[in-house]
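In this note's numbering, the protein residues as written are -3 to 276. Even glycine gets a Cβ: it sits at the ideal position worked out from N, Cα and C. These notes concern the structure reproduced below.
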Amino acid sequence: MNVEPWRDLSPGDAAPLVVRGMQFLLRERGASLVVDGLFGPLTAAAVAGVQSDHGLPSTGDVDTSTWVQLVVPTGPGSVGDAVRGVQGFDPAAQVGAPALAVDGVYGPDTAAAVAEFQRRWGLTIDGLAGRETWSFLSTMRAGSQVWGMAKVGHTQAVNWRVRAVQHLLVDHGASLAVDGDYGPFTGEAMRSWQQTQRATFISTTCGQLDWPGLTRTARLGDTGDHVRAVQSMLPGLAEDGAFGPLTDAAVRDFQAMFAPPADGVVGPLTWRAFTVPKGE
C-alpha cells in the first residue's frame, strides 16, 4: 500500500491503457484473449480463472491480491506477452523518448524507458519491471491519486523530492542534515516517524501513506521547515523558510500550470502535484 499503490480494475472500467497491460499479463498466463483494452466478459472470465488457480475469490475484479498474482517480472533478455504489457505503457513517452516498439523483446530501449519511469516516480531505478513498477503502471489512468516516492539511495539530482522529505522530517522533529542525500540517516528518520503514525507498512521509504501526514498547509506569511520544503520543490527559490512574495508568486505560477486554482495556498492538492512527474 505505501510503496505499491495498486489501482483496482473492474469489468466495464474505461482504462484502456491499464486494461491492455493486464490483458497481456493474462496472455502470458495462458489466456486466449484479444488485447483490445476493453474489460469485457472474456477478460473477466480469464481473471477469475487466475484467481481460482491461486486460491483467491473468483470475482473477475482485479484487486491488489490479483495484480500480485498476475504480474510476471521482466527485465533485459525477457521475451513474451508480459514484456508487451510493459512496452504498451510506453513508460518514457512523457520525456520525449521515441515510442517503444511493442515487440515482446526486453532490450536496451525497454530497460532505459522503464528506468526513466522509475526515476520520475521515485522508485528503485533498476530497469526491471517487477511488482513495484507494475503497481505504478496500474495507476496510469484518470482519477488516480498517487504520490511520487523517495527512498534510500536517491539524491536530489535524481529525485527532486529528497530535500523536501528531509525538510518535512525536520519539521516533525528529526535531527537531520538537509543535504539532498537520502541515505541511511534519512531512511531511519523516516522509519522512526512512520512508527509514530501507524503499526504497519513501516519502511525507510517515503510513500503513499507518508506525504499526507508529513505535509502541512503553507501560505504567505508562514515560516518554518515546511516552508523550506515548499521552496525546495520550486526552482530558483532560496530555502530560507520564509513564505514571502517571491515564494507566493512561484507557488501561484506552479498552481496555474499544474494545480489550480492559483490561490498561493499550498494544501494537499498542490503538495501532491509537487511530487508527481509533470505530464502524467
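Would you mind reading off the limits of the alpha helix (DSSP H) that contains Q65?
T60 to L66
At what residues does the alpha helix (DSSP H) containing Q191 begin and finish?
Here the alpha helix (DSSP H) through Q191 covers P180 to Q191.
What does the Cβ neighbour count give for Q191, buried or exposed, with the cut at 16 atoms within 10 Å?
Classification for Q191: exposed.
Could you work out which residue in D175, T201 and V174 is closest to G183 when comparing CA atoms only?
T201
Just the Cα atoms here: how many angstroms apart are S140 and V(-1)?
15 Å
Provide the residue span of the alpha helix (DSSP H) that contains Q47, from first to last.
P37 to D49
If we ignore side chains and look at the alpha-carbon of each, how far apart do P180 and S54 end up?
42 Å
Just to confirm, is the Cβ distance from A27 to V82 under 8 Å?
With respect to the 8 Å criterion, A27 and V82 are not classified as neighbours on the basis of their beta carbons.
Thinking P1 and F132 are a contact (beta carbons under 8 Å), I'd like their distance in whole angstroms, please.
7 Å
Just to check my reading of the structure: V67 and W130 have Cβ atoms closer than 8 Å, yes? What is that Cβ distance to the nearest angstrom?
5 Å
Name the residue from P256, A252, A255 and V261 whose alpha carbon lies nearest to the alpha carbon of G240.
V261
Could you tell me the alpha carbon to alpha carbon distance between P104 and G71, rounded to whole angstroms?
10 Å
In whole angstroms, give me the CA-to-CA distance for V281 and L172.
Nothing can be reported for residue 281: it is not among the residues displayed for the chain, which extend from -3 to 276.
Euclidean distance between Cα positions of P7 and D59:
Those two C-alpha atoms are separated by around 12 Å.
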